[in-house]
Each structure stands twice: as C-alpha cells, then as structure tokens.
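**Q** For what it's worth, my numbering labels the leading residue of the sequence shown as 151, then goes sequentially.
The beta-carbon is built from N, C-alpha and C at its ideal position, and this holds for glycine as well.
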Amino acid sequence: MKRKVDYLLIGTGVAPLLAAQRLANRGDSVAILNPDHDFFLENSELPLDLLSFETTNADISLRFSNNLPEKIYRDLIPEFPGAIELWKEEDQSKNDRAFQVESAPWIRFRHRLWVAPVRSKSADRLENLYLRSLNLGWKPKWLEGVSLAKRFPGFSSKNSEIRDVEKWVGFLGPRFGDIDVGRYRTGLLEYVRERLGRENIMTSAHILNTDSKGVRFQLATGLPATLEVGRAVLHFWTPKMERNLRQNLEKHQPRLLGSFDQSVTKQPWEEWDILSRDPVAANVVAHLESIRVWSHGDGEPPHDGWNRIKLMRRAQADSFLGEQSFQDLSKVLFRFLGWERCTVRGMSPRVFYRWNKTAPLEFDADGVRSVVILACDGPIHWIASQVRHTIDGV
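1) Where do the N-terminal and C-terminal ends of the alpha helix (DSSP H) with residue 473 fall, by residue?
2) Decide if residue 433 is buried, meaning its Cβ has at least 16 other Cβ atoms within 10 Å, or exposed.
3) Taking all protein chains shown into account, decide if residue 268 is buried (16 or more other Cβ within 10 angstroms of its Cβ) or exposed.
4) In or out: residue 187 buried (at least 16 other Cβ within 10 Å) or exposed?
5) Report all residues from its chain with a CB closer than 8 Å to the CB of residue 195; omit the five preceding and five following residues, and keep chain order.
6) Thinking C-beta only, is residue 422 closer than 8 Å to residue 146?
7) Closer than 8 Å is the cut-off here; do at least three beta carbon pairs connect the segment 358–377 with the segment 504–520?
8) Need the endpoints of the alpha helix (DSSP H) that residue 408 sits in, please.
9) Identify the residues that DSSP records as bridge partners of residue 390: which are they?
10) Look up residue 152 in the DSSP assignment and say whether it is helix, strand or coil.
11) In this structure, how does DSSP classify residue 560 when only helix, strand and coil are distinguished?
12) Does the beta-carbon of residue 349 have 16 or more other beta-carbons within 10 angstroms, so that it is buried, or is it exposed?
13) What are the residues that DSSP puts in a beta bridge with residue 511?
14) Tell me residue 470's beta-bridge partners as DSSP assigns them.
15) What are the partner residues of residue 359, as DSSP defines its beta bridges?
16) For residue 415, count neighbouring C-beta atoms within 10 Å of its own C-beta (all shown protein chains included) and say buried if the count is 16 or more, exposed if not.
17) Can the beta-carbon of residue 159 be found less than 8 Å from the beta-carbon of residue 174?
18) Buried or exposed: residue 251, going by 16 or more other Cβ atoms within 10 Å of its Cβ?
19) Please classify residue 490: is it buried, with 16 or more other beta-carbons within 10 angstroms of its beta-carbon, or exposed?
20) Our contact map puts residue 352 next to residue 420 with C-beta atoms below 8 Å; I'd like the distance itself, whole angstroms only.
21) When you compare the CB positions of residue 106 and residue 436, do they come within less than 8 Å of one another, or not?
22) Note down, one range per segment and in chain order, each alpha helix (DSSP H) of at least 4 residues found wholly within the segment 230–277.
23) Alpha carbons only, please: which of 438, 452, 456 is nearest the one belonging to residue 446?
24) On a CA-only basis, which of 263, 221, 236, 270 is nearest residue 256? Give me that one, please.
25) Per DSSP, what kind of secondary structure is residue 484 in: helix, strand or coil?
26) Using a Cβ-Cβ cut-off of 8 Å (strictly less than) and excluding sequence neighbours within five positions of residue 227, which residues of its own chain qualify?
27) Looking only at DSSP bridge pairs, what is residue 436 linked to?
28) Could you tell me which of 339, 320, 500 sits nearest to residue 297, measuring between CA atoms?
29) Can you tell me whether residue 460 is helix, strand or coil according to DSSP?
30) Quick one: what's got a C-beta closer than 6 Å to residue 413's C-beta in the same chain, skipping five residues either side?
31) Alpha carbon to alpha carbon, how far is residue 377 from residue 151? Give it in angstroms, no decimals.
32) Using the Cα positions of residue 382 and residue 449, report the straight-line distance between them to the nearest angstrom.
33) Ordered along the chain, which non-local residues of its own chain (more than five positions away) have a Cβ less than 8 Å from that of residue 223?
34) Determine the closest residue to residue 513 out of 401, 460, 440, 354, with distance taken between C-alpha atoms.
35) Return yes when the Cβ of residue 339 is within less than 8 Å of the Cβ of residue 189, no when it is not.
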C-alpha cells in the first residue's frame, strides 16, 4: 500500500528537523528523506556567527542585534523539546543558582574582540567598525598593546616584550551568544524521530524520480518505494545538496538558477581543533583578521576555561591545509599568544554560503509542488529563524 504524507522533506542537517517539528505542531503529516547515513555528517551548522564585515555598508546594527544571546534563545527555543541553559561569566561566583539541566544545550554570553596589526588595511577596517559600533551605542572599548593581548583567549604574557605585542590594536565589543550545536541537534533529532516514528525519518535515501504519483526513492537496503505527497516537497539547500538541487532546477525551472547564483557566494574555512597545555578563558571570542579563536567545550565552562580552542581560518577553496595555513597557525599560537607547544587534534575543511537573498525557490516537478528553502547552513540560530519564516509561508 502506497503511503501518503502532506509534506516530504529532503535534506541533511538540522533544517529539515526544525521544519518537521513546526509542520507537525500545526497538524501536518511529515516524512524526511536524508541522502546521508547520518543526519549531521555534513556538519553544516555553526555555534556562532563568524561576523565577517567585508563591506562598509553592512547593517551592523541588525547583525549585532541578531547575535545577542537573548535573540539566539528566542530563535532556538520554539522547536526545541527541552530546556536551553544560559551562561554568563558573572554567574560562576553565585552559589545559589537555580536548578539546571546539565545535559541541555547552553547559550554562552561572550564578548567579541577584534584585533589587527597597526598600520594595515585590516586596522583601517577595524577602526571603521569601531566607530560605527560606537555611533550605534554598543559601547566598544578601544585597546592597544598588552592590554589588548591580555583579553585574547589563550594569551601568555611570558616573553611578551619580544613578540611585538605593542604592534597590535583592536576593540572589545558587545557580548554575543553561541550555543552547543551538538547537544541541540541531537536532542531535536531524538524527539522528532520519536514523534514522527522511525519509519518516517529515512537516511541513506536515493531519490529515483518524481511524478504525479509521488516521489520514488530507494534506501540502502530494500526495494524502491513511493511516497504520495499531498501538499509539497520541501528541499533544504546546503552545500551537500547543491548538486542534486541544481539538477532539479535545470530540469524543471532553469531560470531560477540565475537568481540563486546572484544571491549567494561561497566562503571556505578551515576548522582547527587545538589542545592547550593551560586552560583558556571562555569569556571572549577573538577575531584576528581572517581568523576566529575561542575556548571550546560543551555545557557550562569550568572556572578557568577549557583546554581546547576552536580556530576558524578563512581559506581559499583551492588551498586547504596549505603552507599559508601553517604560517597563520604559527603566527597566532606562537608569535602572538606566546605558546611554547600545543597539540593539533584535527582540521576539517568547511564551506558555508554567504546569502544576500533568502526567498524560497518554487517550481513544479511533474505535477508535484516543490519548494527549495535557502540559507540552511551557517549559524544555527539563523537557520532556525529562516526555516520558521519559510514554513509559515508554505
């Protein structure tokens, strides 16, 4: 007997799970097809906004407001089936803290620190950003030399006089939020799987064809099957899904490809996981030109911080893990922070889209209404906001 659902969701990562939760909340029947054998194999979500400001006309007021911890909480809590905890540095000294769910995802309140060499193009852009944030009332604090470096996560004052620390300038900005992506994704997946039933969340799915009879697919094990779709097929555009979605658009609505290409650029990054000999303070996320650095771990940070740091480096698509990568790593860890040694636990190449337009793309696939939802990668709270807005309109 052929199965029928109101909506069929095709995608990987957290976006189809958020959409399924929202559709189920309003009473629609839902099934999910994921081409990966694991929902989060692509790892297309970030715990925070990397905040690149390449242009001077960026709306930093809106960008800053969207990254406040309270805003992140409001974006993420509606579809999450449990508690989300909040961490502030000043809470560590309180002994009468309310009961907390230790295994819940935590949103941390961390200052952003922007750093650049004196008399460089980066310093000019940084000063412009400082003045704009000052005019907007964000109360940034300008810092130079050692007073700046001491704020940088993991900085060691040992032999700082021979490391040219005085040649750096920057400012301490407002406190933004970041969240435990792994805990959030896992908690949501477990709940959606129980709510929809395991038979309605299928991984390792290969789409065979779509026609007026439904969507025909095959799993890694088993014979081909067909799902009849009553209202729409929803596709979620992430880097993993790009090739398949381009083929669909070329077949059914090729003019939409031009609209997509005009609305997005790709940003390749290297994500380094590094182990420090000493704990690294967890109250600041630092921006040193094209590099982001922060103390990394799950849940509430220990009093002294974690011994792991996450280092995100903006890269060229054709030069992952090249000579420049190790030069930049050495520049940050040894010449600036003053570490004597460290352990590199791993490096993962990651590619994210930078979206200029996020309106969904809609086309008819042989009688089946199909909607492509954009902006399903990047900061996880942006994904949640984008999915919610789009689902409310389908």
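**A** In short:
1) As a position in the sequence shown, residue 473 is number 323, starting the count at 1. Unbroken alpha helix (DSSP H) run through residue 473: 473–480.
2) The count along the sequence shown starts at 1 and reaches residue 433 at position 283. Buried, since its Cβ has 16 or more Cβ neighbours within 10 Å.
3) For this step, residue 268 is matched to residue 118 along the sequence shown. With fewer than 16 Cβ atoms within 10 Å of its Cβ, residue 268 is classed as exposed.
4) Working through the sequence shown from its first residue, we reach residue 187 at position 37. Exposed.
5) Here residue 195 corresponds to residue number 45 of the sequence shown, with the count starting at 1. Cβ neighbours of residue 195 beyond the five flanking positions: 163, 164, 331, 335, 527, 528, 529, 530, 533.
6) No answer is possible for residue 146: it lies beyond the span of the chain, which begins at 151 and ends at 544.
7) yes
8) Working through the sequence shown from its first residue, we reach residue 408 at position 258. Run containing residue 408: 405–413, per the alpha helix (DSSP H) assignment.
9) Your numbering for residue 390 matches position 240 in the sequence shown. For residue 390, which the question treats as bridged, DSSP gives no partner whatsoever.
10) Along the sequence shown, one-based indexing puts residue 152 at 2. In this structure, residue 152 counts as coil in the three-state DSSP scheme.
11) The structure shown does not extend to residue 560, since the chain spans only 151 to 544, so no value can be given for it.
12) Residue 349 sits at position 199 when you count from the first residue of the sequence shown. So residue 349 counts as exposed.
13) Residue numbering aside, residue 511 sits at position 361 when the sequence shown is read from its first letter. In DSSP, residue 511 forms a bridge with 522.
14) Taking the first residue of the sequence shown as position 1, residue 470 is located at position 320. Beta-bridge pairing links residue 470 to no other residue.
15) As a working mapping, residue 359 is identified with position 209 in the sequence shown. In DSSP, residue 359 forms a bridge with 366.
16) For this step, residue 415 is matched to residue 265 along the sequence shown. So residue 415 ends up on the exposed side.
17) Taking the sequence shown and counting its residues from 1, the one referred to as residue 159 is at position 9. Taking the sequence shown and counting its residues from 1, the one referred to as residue 174 is at position 24. No, Cβ-Cβ distance for residue 159 and residue 174 is not below 8 Å.
18) The residue you call residue 251 lines up with position 101 of the sequence shown. By the 10 Å Cβ count, residue 251 comes out exposed.
19) Counting from one through the sequence shown, the residue named residue 490 turns up at place 340. Exposed, since its Cβ has fewer than 16 Cβ neighbours within 10 Å.
20) Here the question's residue 352 lines up with position 202 in the sequence shown. Here the question's residue 420 lines up with position 270 in the sequence shown. Wrong, their Cβ atoms sit about 33 Å apart, outside the cutoff.
21) Only positions 151 to 544 of the chain appear in this structure, which leaves residue 106 out of reach.
22) none
23) Numbered from 1 along the sequence shown, position 296 holds the residue referred to as residue 446. It is 456 whose Cα lies nearest to the Cα of residue 446.
24) What you label residue 256 is simply residue 106 of the sequence shown in a count that begins at 1. Nearest C-alpha to residue 256: 236.
25) Position 334 of the sequence shown, counted from the start, is the residue given in the question as residue 484. If DSSP states are grouped into helix, strand and coil, residue 484 belongs with the helices.
26) The residue labelled residue 227 in the question sits at position 77 within the sequence shown. Once the five neighbours on either side are set aside, the close Cβ partners of residue 227 are 234.
27) Counting from one through the sequence shown, the residue named residue 436 turns up at place 286. Paired residues: 263, 443.
28) The residue you call residue 297 lines up with position 147 of the sequence shown. Residue 320 is the option with its Cα nearest to residue 297.
29) Indexing the sequence shown from 1 puts residue 460 at position 310. It is a strand residue.
30) Taking the first residue of the sequence shown as 1, we reach residue 413 at position 263. So the list reads 506, 507, once near-sequence residues are dropped.
31) Within the sequence shown, the letter at position 1 stands for residue 151. Within the sequence shown, the letter at position 227 stands for residue 377. Residue placement at residue 151 is flagged as unreliable, the pLDDT there being 48, under the threshold of 50; a coordinate-derived value is accordingly withheld.
32) For the purposes of this step, residue 382 is taken as residue 232 along the sequence shown, with counting starting at 1. For the purposes of this step, residue 449 is taken as residue 299 along the sequence shown, with counting starting at 1. The straight-line gap from Cα to Cα measures roughly 38 Å.
33) For this step, residue 223 is matched to residue 73 along the sequence shown. Excluding residues within five positions, the ones whose Cβ falls inside 8 Å are 234, 236, 257, 327.
34) Position 363 of the sequence shown, counted from the first residue, corresponds to residue 513. That would be 401, whose Cα lies nearest to the Cα of residue 513.
35) What you label residue 189 is simply residue 39 of the sequence shown in a count that begins at 1. What you label residue 339 is simply residue 189 of the sequence shown in a count that begins at 1. Going by C-beta atoms, residue 189 is nearer than 8 Å to residue 339.
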